[in-house]
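Q: Start counting the sequence shown at 51; every next residue gets the next number (the working numbering).
First, the structure itself, so that you have it in front of you.
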Amino acid sequence: MNISIFDILGPVMIGPSSSHTAGAQRIGKAMHMICGGEEVAWVKFYLHGSFSHTLSGHGTDRALVAGLMGMDASDARIKTSLEIAKEKGMEIEFEPADLGDVHPNTVKVAAKTKSGREYTMIGSSVGGGEVEIVEIDGIPAKVSGKFPAIIITHEDRLGVIGRITSTLAENKINIVTVRHSREKKGGTATTMIETDQPIPQEVKETLEGPEYIQHVVTIAKFA
Numbered sequence: 051m052n053i054s055i056f057d058i059l060g061p062v063m064i065g066p067s068s069s070h071t072a073g074a075q076r077i078g079k080a081m082h083m084i085c086g087g088e089e090v091a092w093v094k095f096y097l098h099g100s101f102s103h104t105l106s107g108h109g110t111d112r113a114l115v116a117g118l119m120g121m122d123a124s125d126a127r128i129k130t131s132l133e134i135a136k137e138k139g140m141e142i143e144f145e146p147a148d149l150g151d152v153h154p155n156t157v158k159v160a161a162k163t164k165s166g167r168e169y170t171m172i173g174s175s176v177g178g179g180e181v182e183i184v185e186i187d188g189i190p191a192k193v194s195g196k197f198p199a200i201i202i203t204h205e206d207r208l209g210v211i212g213r214i215t216s217t218l219a220e221n222k223i224n225i226v227t228v229r230h231s232r233e234k235k236g237g238t239a240t241t242m243i244e245t246d247q248p249i250p251q252e253v254k255e256t257l258e259g260p261e262y263i264q265h266v267v268t269i270a271k272f273a
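Here is the structure:
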């Protein structure tokens with residue numbers, strides 16, 4: 051088994067906790083990506099398990115908001131992120147919540163951007179600063195942030211996955227992992243693909259084109 055120095059020391063970050071601070075920052079950063087980098091006007095964090103207990107003591111609140119504003123885990127501004135957000139006019143709410151059978155360090159984020167777009171996401175901090183995004187806009191997901199990713203909701207019909215992967219190949223985008231799920235045969239399906247290269251906007255628009263495609267979300271690498 052290969053063990054890196056990162057595995058021993060954890061991520062470079064503003065502390066005190068890799069799970070409750072660096073992990074929280076990365077969850078916030080993922081939401082920043084999902085919002086397309088737009089400034090957020092309003093956000094509500096539904097905190098599950100230990101996240102609801104470590105909110106201020108471990109800086110979970112500041113880390114979540116910092117990530118949502120696009121800050122990295124080592125950014126010294128994390129300590130004053132709540133004040134910075136207030137200066138930007140961002141409305142922030144925190145609420146304890148039972149999110150069901152999920153990791154103890156889990157949060158659901160609901161946000162509205164200044165342009166009026168609304169997004170939701172559920173993410174878990176699984177230890178050592180590592181995170182896993184498990185739901186985006188109500189769609190099951192499995193995103194670590196270590197690679198760029200694209201999540202496509204579409205009709206479950208023959209050949210769709212082949213067309214998606216062919217489009218990526220034509221644009222010289224190499225696939226790392228593919229995960230696929232569906233509600234039922236012929237119903238709604240979700241295909242999540244991690245890639246070596248970021249997904250350009252023009253490729254996203256190409257994938258959104260066919261009538262059988264319902265929703266496309268791209269996420270840049272954030273971990």
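For glycine and all other residues, C-beta sits at the position ideal for the given N, C-alpha and C.
(1) If you run the structure through DSSP and keep just helix, strand and coil, what is N52?
(2) What whole-angstrom Cβ distance do I249 and I200 have, given they're in contact under 8 Å?
(3) At 4 residues or longer, and completely inside the segment 155 to 231: list those alpha helix (DSSP H) runs for me, N to C.
(4) Once you ignore the five residues that flank V266 on each side, which residues in its own chain have a CB closer than 6 Å to its CB?
(5) Roughly how many angstroms lie between the CA atoms of Q251 and I225, to the nearest whole one?
(6) Whole angstroms are fine: how far does the CA of I142 sit from the CA of V90?
(7) Quick one: is S198 buried, meaning 16 or more other Cβ sit within 10 Å of its Cβ, or exposed?
(8) Under 7 Å Cβ to Cβ from D111, same chain only, skipping five residues before and after it: list those, please.
(9) State yes or no: is the C-beta of M204 within less than 8 Å of the C-beta of A147?
(10) Output yes or no for whether 8 Å exceeds the beta carbon distance between T71 and A113.
(11) Find out if the Cβ-Cβ distance for the pair A116, G178 is shorter than 8 Å.
(12) If we cut at 8 Å on Cβ distances, does V266 have a partner in chain D?
(13) Tell me whether the beta-carbon of E220 lies closer than 8 Å to the beta-carbon of T163.
A: Put simply:
(1) Since pLDDT at N52 reaches only 43, below the 50 mark, its modelled position is unreliable, and no value is offered.
(2) 5 Å
(3) 210 to 220
(4) I202, K254, L257 and E258
(5) 17 Å
(6) 10 Å
(7) As written in the sequence, residue 198 is Pro, which differs from the Ser given in the question. It is buried - the Cβ of P198 has at least 16 other Cβ atoms within 10 Å.
(8) L105, L132 and F144
(9) With the sequence shown as reference, residue 204 is identified as His, and Met is not the correct amino acid for it. Result no, Cβ atoms of H204 and A147 do not sit closer than 8 Å.
(10) yes
(11) No, the Cβ-Cβ distance between A116 and G178 is not below 8 Å.
(12) Judged by its chain identifiers, the structure shown contains no chain D, having just a single protein chain.
(13) no
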